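One structure is given here, and the rest of the page talks about it.
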Amino acid sequence: MAWDTEGTKRRIIEAATERFAACGPDGTTMERIAKEAGVNKERVYAYFGTKDALFATILRDQMNTATAAVPVPATGAEDVAQYAGRLFDYLEEHPHLMRLLQWEALTITGDVPDEQRRRDLYAQRTAELAHGQAADLLTSSIDADLLNVLILGVVGYWTMLPQVARMITGTAGTEHEQARRRAAVVEAARRLTVPS
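Whatever position you read off the sequence shown (first residue = 1), add 1191 for this note's numbering.
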């Protein structure tokens, strides 16, 4: 009987994603991940090496998926606003990404996994914003790199600190509230970027 290597790797990644999102890399073990995946612990080590390497693989895959799903916006304020809305939708549908990034921030003190590639992706988005500024399609009152961070903050806060958003708005989880939050994100991104 042939060994289903890809299926085994997929089960390990799914189990590890759940464990890392819930508990962080320091809050779980390779043994627990293997048990959740229904595989022998040695398979996890054989395919991914260390727990840090497995965490890096999962975060890289999550970032790649997000980048492909929500491409770099065009240069106008409306384009950036719609990008913010699409990113909001993505994070709502894939809350593990934000949780993994939070665990990364809490547990890694030096360079993060795949840092240079991620820097390049962020630089690409910043360059797109700078291009819009140079064409007078976006505000120039905020530097492009800071504008990039502000847009990500407006979009990601809801997923990053849902309890705070719930306490402030008094509601959560309803279709109406999700639509209201998304509309606020889109409008905030538009107002942040529209030229004066």
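Idealized CB from N, CA, C, for every residue including glycine.
Quick caveat, the model's predicted, so the values are computed rather than measured.
Asked, Found
"Is N1231 helix, strand or coil by DSSP?", "coil"
"For A1314, which of E1295, P1304, A1335 and Q1324 has the nearest alpha-carbon?", "A1335"
"For the alpha helix (DSSP H) containing L1337, list its first residue and its last residue.", "A1335 to M1351"
"Please go through the same chain and pick out, in chain order, the residues whose beta-carbon is closer than 8 Å to the beta-carbon of D1327, but skip the five residues on each side of it.", "P1386"
"Short of 7 Å in beta carbon distance, which residues of its chain neighbour K1232, apart from the five on each side in sequence? Order them along the chain.", "M1221, E1222 and A1225"
"Of the residues A1206, R1251, G1215 and V1230, which one's Cα is nearest the Cα of L1312?", "R1251"
"Quick one: give me the first and last residue of the alpha helix (DSSP H) that A1257 is part of.", "K1242 to A1260"
"Quick check on Q1324: buried or exposed, where buried means 16 or more other Cβ atoms within 10 Å of its Cβ?", "buried"
"Three Cβ pairs or more, each shorter than 8 Å: is that satisfied between the stretch 1205–1222 and the stretch 1281–1301?", "yes"
"Nearest-angstrom Cα distance between L1352 and T1362?", "14 Å"
"For L1337 versus V1271, is the C-beta distance shorter than 9 Å?", "no"
"Express the C-alpha separation of D1305 and A1247 in angstroms, rounding to a whole number.", "7 Å"
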